[in-house]
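Going down the list, the sequences are from chains L and A.
Under the numbering used here, the first residue of the first sequence carries the number 2, and numbering increases by one thereafter.
Under the numbering used here, the first residue of the second sequence carries the number 2, and numbering increases by one thereafter.
Number of protein chains: 2
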Amino acid sequence: MSDRLTPTPAPAVADQVPERPGTTPGGVSAKTLLARLPLYEQIAEDLRAQIESGHLAPGAPLPSETVLIERYHVSRITARAAVRSLRAAGLVITEHGRGTRVRDASTGPIDLDTAVTHDPTSHRLTTWDDAWSPVEDAIRYRTTATGPLARTLALDDGEPLFAHERLLTPANDAPAVGAPRIAHTVFVPFAVCVDTPGIEADPFAPLPTLYAALTAVGHTLTWHDTITARMPTPDEAATLALPEGAPLLLHTRTTHGTDHRPLLHEHTRLDPHRITLTTTTTGPQL
Amino acid sequence: MSDRLTPTPAPAVADQVPERPGTTPGGVSAKTLLARLPLYEQIAEDLRAQIESGHLAPGAPLPSETVLIERYHVSRITARAAVRSLRAAGLVITEHGRGTRVRDASTGPIDLDTAVTHDPTSHRLTTWDDAWSPVEDAIRYRTTATGPLARTLALDDGEPLFAHERLLTPANDAPAVGAPRIAHTVFVPFAVCVDTPGIEADPFAPLPTLYAALTAVGHTLTWHDTITARMPTPDEAATLALPEGAPLLLHTRTTHGTDHRPLLHEHTRLDPHRITLTTTTTGPQL
DNA sequence: CAGTGGTCTAGACCACAAT
DNA sequence: TTGTGGTCTAGACCACTGC
Numbered sequence: 002m003s004d005r006l007t008p009t010p011a012p013a014v015a016d017q018v019p020e021r022p023g024t025t026p027g028g029v030s031a032k033t034l035l036a037r038l039p040l041y042e043q044i045a046e047d048l049r050a051q052i053e054s055g056h057l058a059p060g061a062p063l064p065s066e067t068v069l070i071e072r073y074h075v076s077r078i079t080a081r082a083a084v085r086s087l088r089a090a091g092l093v094i095t096e097h098g099r100g101t102r103v104r105d106a107s108t109g110p111i112d113l114d115t116a117v118t119h120d121p122t123s124h125r126l127t128t129w130d131d132a133w134s135p136v137e138d139a140i141r142y143r144t145t146a147t148g149p150l151a152r153t154l155a156l157d158d159g160e161p162l163f164a165h166e167r168l169l170t171p172a173n174d175a176p177a178v179g180a181p182r183i184a185h186t187v188f189v190p191f192a193v194c195v196d197t198p199g200i201e202a203d204p205f206a207p208l209p210t211l212y213a214a215l216t217a218v219g220h221t222l223t224w225h226d227t228i229t230a231r232m233p234t235p236d237e238a239a240t241l242a243l244p245e246g247a248p249l250l251l252h253t254r255t256t257h258g259t260d261h262r263p264l265l266h267e268h269t270r271l272d273p274h275r276i277t278l279t280t281t282t283t284g285p286q287l
Numbered sequence: 002m003s004d005r006l007t008p009t010p011a012p013a014v015a016d017q018v019p020e021r022p023g024t025t026p027g028g029v030s031a032k033t034l035l036a037r038l039p040l041y042e043q044i045a046e047d048l049r050a051q052i053e054s055g056h057l058a059p060g061a062p063l064p065s066e067t068v069l070i071e072r073y074h075v076s077r078i079t080a081r082a083a084v085r086s087l088r089a090a091g092l093v094i095t096e097h098g099r100g101t102r103v104r105d106a107s108t109g110p111i112d113l114d115t116a117v118t119h120d121p122t123s124h125r126l127t128t129w130d131d132a133w134s135p136v137e138d139a140i141r142y143r144t145t146a147t148g149p150l151a152r153t154l155a156l157d158d159g160e161p162l163f164a165h166e167r168l169l170t171p172a173n174d175a176p177a178v179g180a181p182r183i184a185h186t187v188f189v190p191f192a193v194c195v196d197t198p199g200i201e202a203d204p205f206a207p208l209p210t211l212y213a214a215l216t217a218v219g220h221t222l223t224w225h226d227t228i229t230a231r232m233p234t235p236d237e238a239a240t241l242a243l244p245e246g247a248p249l250l251l252h253t254r255t256t257h258g259t260d261h262r263p264l265l266h267e268h269t270r271l272d273p274h275r276i277t278l279t280t281t282t283t284g285p286q287l
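Set out below in structure tokens:
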């Protein structure tokens with residue numbers, strides 16, 4: 002990686018900087034800390050250490066509840082609490098009747114570039130969803146704007162809009178069980194349809210087509226993105242095949258027109274364990 | 002909001018699009034679904050409904066375990082399981098000895114703009130952390146690059162670097178209990194220190210200062226960002242005051258120089274319930 | 001002090017998966 | 001059928017909070 006033939010010289014300040022501090026500050030020994038942890042957390046810690054050391058390899062079954070009860074001499078509730086702690090931390094996954102296994106982190110998350118790029122040959126704005134294909138038929142419906150959705154689209158409460166929900170998976174991917182999935186929803190107000198011939202023709206077209214239709218009527222587009230995470234609803238957990246206790250990553254984007262008028266709103270929900278959002282930006286040439 | 006004096010006319014396609022489908026497809030009634038839920042989930046659903054309807058207002062105490070046991074005629078474990086479900090969904094927070102209260106979502110999350118902007122007056126690159134101030138003294142240490150960190154910085158395993166951990170809160174904020182917090186860590190390889198006089202002077206300077214030092218030696222900077230979420234370690238949960246069962250939002254940024262050589266790496270950890278990441282981008286003028 | 005939630009036990013029945 | 005995890009009961013003791 003480094004081109005240097007000699008080790009990197011230490012900067013002058015290095016002498017004044019300590020090595021990385023230990024993880025148990027305040028003069029409390031690790032043993033004391035461990036002893037005052039609840040029993041089930043001590044068991045969880047023990048299993049955690051075995052996972053991190055590779056003693057329990059990814060995919061390997063965790064000791065069953067019965068074994069844990071015997072090995073640690075605890076009640077079943079305590080053993081289960083230990084496993085729950087590991088599950089909540091995302092270290093293991095549990096399947097009813099099959100057992101609990103160490104979570105397979107072998108295939109790291111894939112990247113999803115959130116940038117909207119301009120393809121100079123086709124003169125078309127492209128987004129990530131060009132490289133993703135629907136798992137099942139899209140759900141199309143019409144509804145009315147309320148609450149936060151109405152506010153971000155600057156619509157009165159009750160104004161009608163089209164919605165478009167798609168469940169996507171990477172294109173050219175065998176429909177594997179563990180394949181990453183994205184739940185993508187696009188909202189198009191009736192008002193925007195009416196003002197934009199290309200959109201009125203098909204309000205449920207792919208995003209790049211909607212963008213093209215908007216630029217065709219003279220808009221210079223601006224996007225406002227927000228990213229957050231929260232625990233999924235049971236419904237979201239099911240459609241995205243999220244393991245129990247795993248969080249949901251949420252990306253929303255509002256497309257604004259030339260006069261900063263909001264035109265479209267979309268949100269993207271995904272499993273951060275399988276997909277990571279990325280962007281690359283360049284600073285000014287100085 | 003809308004300038005129209007008449008209701009938005011429906012586009013022609015509207016007739017072919019159904020209303021929003023119901024949430025219980027497949028001909029299964031809501032009652033049937035509810036009946037086959039575990040007891041504790043039924044109780045949780047009941048409480049959930051009371052929270053969403055406002056019957057249990059934000060900040061209001063949830064019925065105590067004793068009350069739940071009497072009201073629903075269940076054992077304590079079942080009552081606790083119901084509360085745990087609500088806690089995992091982020092709807093309530095529990096404090097030992099004080100009780101469980103409906104989580105206060107009144108103050109929505111604050112925005113954190115991830116953009117690096119160029120201030121034309123000071124000719125300085127600025128980032129969000131200009132508006133945030135440290136809660137406690139920064140932790141400075143030196144360590145060595147290993148694993149993923151070594152790879153993203155294109156360093157050989159074991160090459161030395163400085164690290165800088167800060168816990169930040171919005172500037173001019175009273176140090177309230179529920180104030181948002183950000184855990185920010187910056188890594189600076191020794192090699193970059195040595196090549197950049199402005200950084201060798203103080204490798205632990207704020208980010209805009211580091212950027213300025215890098216542009217001063219001729220670099221045009223590029224940033225590569227990744228965003229993901231996961232469950233926090235107990236340590237992270239403590240420093241960021243994350244409620245039990247709440248996820249952690251993780252933003253990493255690698256700064257590259259003119260020759261795409263990685264120069265700095267930073268990561269930012271925060272509570273997505275209190276802070277949302279945002280960006281605004283503008284498309285090409287067409 | 002009383003009331004709250006946190007941990008823990010022993011024992012039971014059920015639902016699901018593999019054999 | 002066996003072994004797995006999922007739910008549930010009744011009862012106990014402890015730790016923290018606020019009066």
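We treat Cβ as the ideally placed atom computed from N, Cα and C, and that holds for glycine.
- In the three-state DSSP reduction, F188 (chain L) falls in the strand class (E or B).
- Straight-line measurement puts the Cα of A89 (chain A) at about 21 Å from the Cα of T67 (chain A).
- If you draw a straight line from the Cα of L215 (chain A) to the Cα of L222 (chain A), it comes to about 8 Å.
- Put simply, of A:T210, A:V189, A:A184 the residue whose alpha carbon is nearest the alpha carbon of D236 (chain A) is A:A184.
- Each of A:T280, A:D105, A:G148, A:G219 was checked against the Cα of H257 (chain A), and the nearest Cα belongs to A:G219.
- Close partners of H225 (chain A) in chain L (Cβ separation under 9 Å): T279, T280, T281, T282.
- Taking L264 (chain A) as reference, the option from A:C194, A:P207, A:P248, A:D16 with the minimal CA-CA separation is A:C194.
- Segment contact: the segment 116-124 of chain A against the segment 138-150 of chain A, fewer than three CB-CB distances shorter than 8 Å; contact not assigned.
- Counting only runs of at least 3 residues, the segment 78-151 of chain A fully encloses the following beta strand (DSSP E) elements, listed from N- to C-terminal order: 93-96, 100-103, 111-114, 118-120, 125-127, 133-135, 140-145.
- The shortest CA-to-CA distance from E71 (chain A) to any of A:I44, A:T144, A:H97 is the one to A:I44.
- Closer than 8 Å to the CB of E20 (chain A) there is at least one CB belonging to chain L.
- For A242 (chain L), no alpha helix (DSSP H) encloses it, and the DSSP letter there is neither H nor E.
- At a cut-off of 8 Å between beta carbons, R167 (chain L) makes no contact with chain A.
- The DSSP-derived three-state label of T197 (chain A) is coil.
- The DSSP-derived three-state label of E160 (chain A) is coil.
- L126 (chain L) sits buried, since 16 or more C-beta atoms from the chains shown fall within 10 Å of its C-beta.
- Flagged as an interface residue toward chain L: L222 (chain A), by a C-beta distance shorter than 8 Å.
- Distance from the CA of P204 (chain L) to the CA of A139 (chain L), rounded to the nearest whole angstrom, comes to 13 Å.
- The beta carbon of V117 (chain L) sits closer than 8 Å to some beta carbon of chain A.
- For P273 (chain L), there is no enclosing beta strand (DSSP E), as DSSP marks it with neither H nor E.
- Under the three-state reduction of DSSP, A45 (chain A) is assigned to helix.
- Residue ranges of uninterrupted alpha helix (DSSP H) with 4 or more members, entirely inside the segment 204-262 of chain L and ordered along the chain, are 208-217, 235-240.
- Rounded to whole angstroms, the separation of the alpha carbons of D114 (chain A) and W129 (chain L) is 22 Å.
- At least one CB of chain A lies nearer than 8 Å to the CB of G91 (chain L).
- Distance from the Cα of R104 (chain L) is smallest, within the candidate group L:L57, L:L162, L:T283, for L:L57.
- Comparing alpha-carbon positions, the option among L:R167, L:A146, L:H165 lying closest to D157 (chain L) turns out to be L:A146.
- Beta-bridge partners of T283 (chain A) (DSSP): L:T223.
- Legend: CB atoms of the segment 235-246 of chain A lying less than 9 Å from CB atoms of chain L belong to residues P235, D236, E245, G246.
- Between I276 (chain A) and P181 (chain A) a beta carbon distance of about 5 Å is seen, short of the 8 Å cut, so the two are scored as contacting.
- Rounded to whole angstroms, the separation of the alpha carbons of A11 (chain A) and F188 (chain L) is 15 Å.
- Under the three-state reduction of DSSP, R72 (chain L) is assigned to helix.
- By alpha-carbon distance to E53 (chain A), the top candidate from A:I78, A:L69, A:L87, A:L40 is A:L87.
- A Cβ of chain L is located within less than 8 Å of the beta carbon of P204 (chain A).
- The shortest C-alpha to C-alpha distance from S134 (chain L) to any of L:R143, L:L162, L:P161, L:E166 is the one to L:E166.
- Taking 8 Å as the CB threshold, L250 (chain A) lines the interface with chain L.
- For the options A:D131, A:A132, A:L162, A:A155, the alpha carbon positioned closest to that of R141 (chain A) is the one of A:L162.
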